[in-house]
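To start, the structure itself, in structure tokens.
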Amino acid sequence: MKEIYETSATYDNPNRRKTGRPLDSYFGYKAIGYFTADDFDANGNLKEGIASIPDANVAPGDIKYRDLSGPNGVPDGIIDAHDETVIGRPKNNPQLMFGFVPTITWKGFDFSTLWQGAALYDSYIWGIMYIWGIMVNPFENLSSATKLVYKDHWTPENTNARYPRVTVQPQSHNTVNSSHWVKNSSYLRLKNIEFGYTLPRQWTEKAAMSKVRIYFAGQNLLTWTPKMKEKIDPEAGDSNGNYYFQQSVYSFGLNVTF
């Protein structure tokens, strides 16, 4: 963006400045993993030198953020708005979109596919999002949770989990905008495929037909997202998962020309 209205609070902070950045870039905190037991003293307080989050009762398994700067432009040991920065590329404006349509014909057989994809853009997952049986924020909005919730949330035995520890209600310091929830959405999708066979003319002419073709066709048969473990549609907008997935369609057909 060449020009956008913003106050000095963001413009004067090179990390938070919106001017000169792609439209709809994601801003938030830079996640650097989870708090561990080694970050706390015997009384449960954060050790000296570890940035704290005001009014947050953090514990092992909560998301840890990078202390980028304070009001004076230097790290101050506190995670607040001054530490926000760009955390992702715009979802609605991929920097690269591509597609290709290979086609092969041989002795009556024909084969064609349509591949499409996009790269250099990100998605933000949040809220009550179900991802193959896993709820990102269990107990959000007083909702319930099942054993499926604990598939990949942090526990003392699962410290490399995809999601932070489960609490009786989502902790605001875990749900704030951060790079932890930004996922590279680059994908390659097999959008269409068709395979057919045209019967030899000498066969069809005997039956008073000029052409007979048998075919199989499919749509949305394969999607490859190498950088995103979450099984969500990379073309879907940012949401809490309340959308219909693109349907895979299989069909067989017969074209007859007299």
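My numbering puts the first residue of the sequence shown at 2, with every later residue one more than the last. Ideal placement from N, C-alpha and C gives every residue a C-beta, glycine not left out.
Count the other CB atoms within 10 Å of the CB of residue 32; is the residue buried (16 or more) or exposed (fewer)?
Sequence index remark: in the sequence shown, residue 32 carries index 31 (1-based). Under this definition residue 32 is a buried residue.
*Buried versus exposed, by CB contacts within 10 Å (16 or more), residue 85*: Along the sequence shown, one-based indexing puts residue 85 at 84. When all chains shown are included, residue 85 counts as buried.
inquiry  = Only counting the same chain, and skipping five residues up and downstream in sequence, which positions put a Cβ closer than 6 Å to that of residue 5?
reply    = Walking along the sequence shown from the start, residue 5 turns up at place 4. So the qualifying residues of the chain are 19, 20.
- Relative to the alpha-carbon of residue 233, which residue among 200, 218, 186 has its alpha-carbon at the smallest distance? Within the sequence shown, the letter at position 232 stands for residue 233. Minimum Cα distance to residue 233 is reached at 186.
- Query: Where does residue 251 fall in DSSP's three states?
  - Reply: Reading the sequence shown from its first residue, position 250 is the one you call residue 251. Three-state result, residue 251: strand.
Going by DSSP, name the residue or residues bridged to residue 116.
Residue mapping note: residue 116 aligns to position 115 of the sequence shown, counting from 1. Partner(s): 101, 191.
Sheet register partners of residue 214 (DSSP bridge):
Reading the sequence shown from its first residue, position 213 is the one you call residue 214. Looking at the DSSP assignment, residue 214 forms a beta bridge with 199, 256.
Residues of its chain near residue 248, where Cβ-Cβ distance is below 6 Å and the 5 sequence neighbours each way are ignored: In the sequence shown, counting from the first residue as 1, residue 248 sits at position 247. Once the five neighbours on either side are set aside, residue 248 has no close Cβ partner at all.
Would you give the residue range spanned by the alpha helix (DSSP H) that residue 175 belongs to? Walking along the sequence shown from the start, residue 175 turns up at place 174. First-last of the alpha helix (DSSP H) with residue 175: 173 to 176.
Practice item. Please go through the same chain and pick out, in chain order, the residues whose beta-carbon is closer than 7 Å to the beta-carbon of residue 183, but skip the five residues on each side of it. Key: Working through the sequence shown from its first residue, we reach residue 183 at position 182. Counting only Cβ-Cβ distances below 7 Å, and skipping sequence neighbours, we find 27, 88, 89, 123, 125.
Given residue 1 as reference, the closest of 106, 216, 117 once Cα atoms are compared: As displayed, the chain neither begins before 2 nor continues past 259, which places residue 1 out of reach and without an answer.
key: 8 Å contact criterion, which residue 17 and residue 8 should meet: CB distance rounded   = Taking the first residue of the sequence shown as position 1, residue 17 is located at position 16. Taking the first residue of the sequence shown as position 1, residue 8 is located at position 7. That pair is no contact at about 10 Å.
> Which one of 191, 138, 193 has the shortest CA to CA distance from residue 169?
Replying inline: Counted from its first residue, the sequence shown places residue 169 at position 168. The candidate whose alpha carbon is nearest that of residue 169 is 138.
key: beta strand (DSSP E) segments (min. 3 residues) lying fully within the region 8 to 87   = 27 to 29, 32 to 35, 64 to 66
Tell me which same chain residues have a C-beta within less than 6 Å of the C-beta of residue 259, skipping the five on either side of it?
Against the sequence shown, residue 259 aligns to sequence position 258. Excluding positions up to five away in sequence, the list reads 210.
Taking the beta strand (DSSP E) that residue 183 belongs to, which residues open and close that run?
Mapped onto the sequence shown, residue 183 falls at position 182. Looking at the DSSP string, the run of the beta strand (DSSP E) that includes residue 183 is 183 to 185.
So, under 8 Å CB-CB, residue 29 and residue 173 are touching, yes? Tell me the CB distance rounded to an integer number of Å. Within the sequence shown, residue 29 is the residue found at index 28, counting from 1. Within the sequence shown, residue 173 is the residue found at index 172, counting from 1. Going by Cβ atoms, the distance from residue 29 to residue 173 rounds to 13 Å, so no, they are not a contact pair.
(Q) Can you look up residue 155 in the DSSP assignment and give me helix, strand or coil? (A) Along the sequence shown, one-based indexing puts residue 155 at 154. Residue state, collapsed to three classes: coil.
**Report entry** Nearest-angstrom beta carbon gap, residue 200 and residue 213 [assumed within contact, 8 Å]
**Finding:** Start at 1 with the first residue of the sequence shown, and residue 213 comes out as number 212. Start at 1 with the first residue of the sequence shown, and residue 200 comes out as number 199. Contact between residue 213 and residue 200 is confirmed by a C-beta separation of about 5 Å, below the 8 Å threshold.
Q | residue 60 versus residue 163 - alpha carbon distance | A | One-based indexing of the sequence shown puts residue 60 at position 59. One-based indexing of the sequence shown puts residue 163 at position 162. Computed Cα separation, rounded: 17 Å.
Looking only at DSSP bridge pairs, what is residue 125 linked to?
The count along the sequence shown starts at 1 and reaches residue 125 at position 124. DSSP output for residue 125 lists 183 as bridge partner(s).
- For residue 79 versus residue 55, is the C-beta distance shorter than 8 Å? Locating residue 79 in the sequence shown gives position 78, counting from the first residue. Locating residue 55 in the sequence shown gives position 54, counting from the first residue. Cβ distance < 8 Å, so residue 79 and residue 55 count as in contact.
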